[in-house]
Ligand SMILES: [Zn+2]
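Numbering (the working numbering), first residue to last: 1 to 95.
Okay, structure coming up:
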């Protein structure tokens, strides 16, 4: 999938996606697709979706921004990407 990074990045941390409970994702950028002018302009059209990958994976998925919710760093595992897992060695203060 093609995408454009946003500057500044509105999703600097991981997110969760409605319908994909329990897994953290990273937002790569805005999905783009070639349109009729791309051959001449070299630019692609934005679809309005966000291209995301699961933490620990590199497969691209596109999601509606309405389904994307920001996630606190302490709420997910940086190794396996599971929400609620803490085995990545991050220091989490138990409250
Ligand atoms: Zn983990």
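Each residue gets a CB set at the ideal place from its N, CA and C atoms; glycine is no exception.
Item checked: Distance between residue 71 and residue 35 (C-alpha atoms, nearest Å) -> Position 35 of the chain shown, counted from the first residue, corresponds to residue 35. Position 71 of the chain shown, counted from the first residue, corresponds to residue 71. In a straight line, the C-alpha of residue 35 is about 34 Å away from that of residue 71.
Note to self: Our contact map puts residue 38 next to residue 44 with C-beta atoms below 8 Å; I'd like the distance itself, whole angstroms only.
What the structure shows: By 1-based counting over the chain shown, the position of residue 38 is 38. By 1-based counting over the chain shown, the position of residue 44 is 44. With 8 Å as the limit, residue 38 and residue 44 qualify as a contact, their Cβ atoms being about 5 Å apart.
Note to self: I'd like to confirm something about residue 91: is its beta-carbon nearer than 7 Å to some heavy atom of ligand 1, or not?
What the structure shows: Counted from its first residue, the chain shown places residue 91 at position 91. False, no ligand heavy atom lies under 7 Å from that Cβ.
Next item on the list: Give a yes or no on whether the C-beta atoms belonging to residue 14 and residue 51 are separated by under 8 Å.
Entry: In the chain shown, residue 14 corresponds to position 14, counting from 1. In the chain shown, residue 51 corresponds to position 51, counting from 1. Cβ distance not < 8 Å, so residue 14 and residue 51 don't count as in contact.
Note to self: Considering only heavy atoms of ligand 1, does any lie closer than 7 Å to the CB of residue 57?
What the structure shows: Residue mapping note: residue 57 aligns to position 57 of the chain shown, counting from 1. No, the Cβ of residue 57 stays beyond 7 Å of every heavy atom of ligand 1.
Note to self: On the DSSP letters alone, give me the boundaries of the alpha helix (DSSP H) that residue 43 sits inside.
What the structure shows: Counting from 1 along the chain shown, the entry for residue 43 is found at position 43. Run containing residue 43: none; DSSP gives neither H nor E here.
Check: Pick out every residue whose C-beta is nearer than 6 Å to a heavy atom of ligand 1: which are they, in chain order?
Finding: 77, 79, 80, 82, 85, 87, 88
Next item on the list: Identify whether residue 74 lies in helix, strand or coil by the three-state DSSP scheme.
Entry: The sequence position of residue 74 within the chain shown is 74, counting from 1. Reduced to three states, the DSSP call for residue 74 is helix.
Item checked: Outcome for residue 40 when other beta-carbon atoms lying within 10 angstroms are tallied against a minimum of 16 -> Position 40 of the chain shown, counting from 1, holds the residue named residue 40. Residue 40 should be labelled exposed.
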